[in-house]
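There are 2 protein chains.
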Amino acid sequence: MSKESFRKNYSYIFEEELLQEIESLAVYKEFKENDIIIDIDNYIVSIPLVLEGAIKILRQDNQGNEIILYFIERGDTCAMTLSCCMGQTKSKIRAVAETDTSLFMIPKQKMKEWLTKYNTWQEFILQSYHGRMQEFLEALDTLAFLNMDMRLLKYLRDKAMVIGNDELTTTHKEIAEDLHTSRVVISRLLKGLEKDNKISLNRNQIKVIDL
Amino acid sequence: MSKESFRKNYSYIFEEELLQEIESLAVYKEFKENDIIIDIDNYIVSIPLVLEGAIKILRQDNQGNEIILYFIERGDTCAMTLSCCMGQTKSKIRAVAETDTSLFMIPKQKMKEWLTKYNTWQEFILQSYHGRMQEFLEALDTLAFLNMDMRLLKYLRDKAMVIGNDELTTTHKEIAEDLHTSRVVISRLLKGLEKDNKISLNRNQIKVIDL
DNA sequence: AGGAGATTGTAACAATTGTTACTTTCTGTT
DNA sequence: AACAGAAAGTAACAATTGTTACAATCTCCT
Chain A
122 MSKESFRKNY SYIFEEELLQ EIESLAVYKE FKENDIIIDI DNYIVSIPLV
172 LEGAIKILRQ DNQGNEIILY FIERGDTCAM TLSCCMGQTK SKIRAVAETD
222 TSLFMIPKQK MKEWLTKYNT WQEFILQSYH GRMQEFLEAL DTLAFLNMDM
272 RLLKYLRDKA MVIGNDELTT THKEIAEDLH TSRVVISRLL KGLEKDNKIS
322 LNRNQIKVID L
Chain B
122 MSKESFRKNY SYIFEEELLQ EIESLAVYKE FKENDIIIDI DNYIVSIPLV
172 LEGAIKILRQ DNQGNEIILY FIERGDTCAM TLSCCMGQTK SKIRAVAETD
222 TSLFMIPKQK MKEWLTKYNT WQEFILQSYH GRMQEFLEAL DTLAFLNMDM
272 RLLKYLRDKA MVIGNDELTT THKEIAEDLH TSRVVISRLL KGLEKDNKIS
322 LNRNQIKVID L
């Protein structure tokens, strides 16, 4: 965990001049697993660049219903945040550290300024939007076309992927909250997946076999 | 239906120089109701600006399942298309004319070129992404948190809104396809909405009372 | 007028998901 | 060891959505 990992992840993306400007401006921040990085209705004042770790992005609607959208990893930024910068609005999403995480926070005025100034920044922003659109489409497909058992399996696989470990430390309750269903439903479906040899179950731990 | 409506919808958005450049470059196209404007797997070679009419944007996954994402109207562009321009990929969506529609098609290379050249273009592109993100979130909320009856009502209201008419000319079958369910389910739920005085039903026609 | 095809209505049943209530098992603390 | 609280198992039932099959009605075409 250190700001040195910035160069590791971004030096081949940004031109040297921009790298230096970021290093001189950005505020370095660290978060522990399960820390809330951005919460619903927070005002967005800066753009995050993920240096290390993985972040879970959740949507919460007006009634307080919550559901996972996707995970983001190092090298990513949060296009939802960019979008909120544009609209001068409050955050519509919650970002929770899935693992220990380090970030660079960049003042949001720089977003537009750099668009004309640095070609690599322009490319990065457009690619970010593109990537997030893809994630959104995938999230939509999942919700629209998959039954809960397959949504669950996809969730477990995605989670194993971003933390780089096929053994997940989590509870049925937490999963139920992320998928916006009830704990009983998740327990039932997990049993089914175990019987199909896709996962194996232990208290506070799920091992994803069929990755 | 004419290219004159370009100035009507875009003159307050773009600077004069850009307006002229668009007028000299853009290809004018018209579509009739239900025409397919962009289909799945089409290669995207140009950016559409909607001059008149309304367009229905549908998602189709690999298995051929289809579902409506949202409607776009005059003054809009299609951010999914922008996104596809970036990725050099095929279209992941289908765009169908909901009413008679006219468009300006702009060569896709101009997208990036104008980002640095025209401030108003940059603003437009960022706002487009922002707007489409909002639409995506709304679509996600709808799928994640609403039962089919409320999804149906929302669909009917949205449709009435974009065509500017509370009397919809459509069939239960078409609705079922847009919402990715079966005709029988839609017929059943429509009956329920009629009983609750939210709509009134006739063959090939639904009137939205509770707008 | 008659018939083909599209549209809508209806019923019966299956599958999936949600809800409630209660039990059992595990873990950490005192 | 005893206890409290979290985690997970289980069963019974309700609500929602999906499926199949068939009937009734309307529209257009010749």
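Protein chains in written order, with my numbering: chain A, 122 to 332; chain B, 122 to 332.
Note that the Cβ used here is the ideal one computed from N, Cα and C, for glycine as well.
Range covered by the beta strand (DSSP E) that runs through residue i
i	result
I158 (chain B)	157-159
I168 (chain B)	167-173
K215 (chain A)	Just to set this straight, residue 215 (chain A) is Arg in the shown sequence, not Lys. Counting along the chain, the beta strand (DSSP E) containing R215 (chain A) begins and ends at 214-218.
Q326 (chain B)	326-329
F152 (chain A)	148-152
I284 (chain A)	I284 (chain A) -> not in any beta strand (DSSP E); alpha helix (DSSP H) instead, spanning 269-284.
N163 (chain A)	Counting along the chain, N163 (chain A) falls outside any beta strand (DSSP E), and DSSP gives it neither H nor E.
8 Å Cβ cutoff, residue i in contact with chain A
i	result
D262 (chain B)	yes
F257 (chain B)	yes
Y276 (chain B)	no
S204 (chain B)	yes
Cβ of residue i within 8 Å of any chain B Cβ
i	result
D182 (chain A)	yes
I191 (chain A)	Checking the sequence, you will find Tyr at residue 191 (chain A) rather than Ile. Taking Cβ atoms only, chain B never reaches closer than 8 Å to Y191 (chain A), which makes this a no.
T237 (chain A)	yes
N186 (chain A)	yes
F266 (chain A)	yes
S167 (chain A)	no
S303 (chain A)	no
M254 (chain A)	yes
K213 (chain A)	yes
Y250 (chain A)	yes
Q243 (chain A)	yes
S126 (chain A)	no
S132 (chain A)	no
M201 (chain A)	yes
S321 (chain A)	no
S223 (chain A)	no
Identity of the residue in the options nearest residue i by Cα
i	options	result
D270 (chain B)	B:E298, B:N155, B:V306, B:I161	B:V306
N318 (chain A)	A:S308, A:V329, A:R309, A:N325	A:V329
F245 (chain B)	B:T198, B:S123, B:V166	B:T198
V166 (chain A)	A:T210, A:L261, A:K129, A:N286	A:T210
L274 (chain B)	B:Q184, B:K213, B:L311	B:L311
H251 (chain B)	A:M282, A:R304, A:S204, A:I157	A:S204
D182 (chain B)	B:Y164, B:D160, B:E194, B:E288	B:D160
N163 (chain B)	B:I134, B:E154, B:S123, B:I214	B:I214
Q154 (chain A)	A:A260, A:S126, A:E138, A:T290	Note that residue 154 (chain A) corresponds to Glu in the displayed sequence, not to Gln. For E154 (chain A), the nearest C-alpha among the options comes from A:T290.
L258 (chain B)	A:S212, A:G313, A:I327	A:S212
W242 (chain A)	A:E137, A:E256, A:L277, A:T292	A:E137
D331 (chain A)	A:N325, A:E315, A:T237, A:D262	A:E315
D156 (chain A)	A:L224, A:N323, A:S123	A:L224
L179 (chain B)	B:E151, B:L267, B:A260, B:V171	B:A260
E256 (chain B)	B:F152, B:V171, B:E234, B:D279	B:D279
S321 (chain A)	A:E288, A:F152, A:L170	A:E288
Bridge-paired residues (DSSP) for residue i
i	result
R180 (chain A)	A:I188, A:I214
M226 (chain B)	B:V148, B:P169
I193 (chain B)	B:I176
S204 (chain B)	DSSP, once it has assigned bridges, lists no residue as partnering S204 (chain B).
I320 (chain B)	B:V329
E288 (chain B)	B:K328
T198 (chain B)	B:L170
Boundaries of the alpha helix (DSSP H) in which residue i is found, first to last residue
i	result
I296 (chain A)	293-299
M263 (chain A)	Note on identity: in this sequence residue 263 (chain A) is Thr, with Met being the wrong assignment. Looking at the DSSP string, the run of the alpha helix (DSSP H) that includes T263 (chain A) is 240-266.
S115 (chain A)	The shown model of chain A, from 122 to 332, leaves out residue 115 (chain A), and the question about it has no answer.
S308 (chain B)	304-316
Worksheet entry | Segment contact flag, the region 136-146 of chain B with the region 221-231 of chain B, C-beta cutoff 8 Å, min 3 pairs | The region 136-146 of chain B, when compared against the region 221-231 of chain B, does touch it at the 8 Å Cβ threshold.
Worksheet item: Would you call the region 210-222 of chain A and the region 173-180 of chain A touching, i.e. three or more CB-CB distances under 8 Å?
Response: In short, these stretches touch, since the Cβ pair count reaches three.
Worksheet item: Contact between the region 176-190 of chain A and the region 295-306 of chain A: three or more CB pairs below 8 Å?
Response: Under the Cβ criterion (8 Å, minimum of three pairs), the region 176-190 of chain A counts as touching the region 295-306 of chain A.
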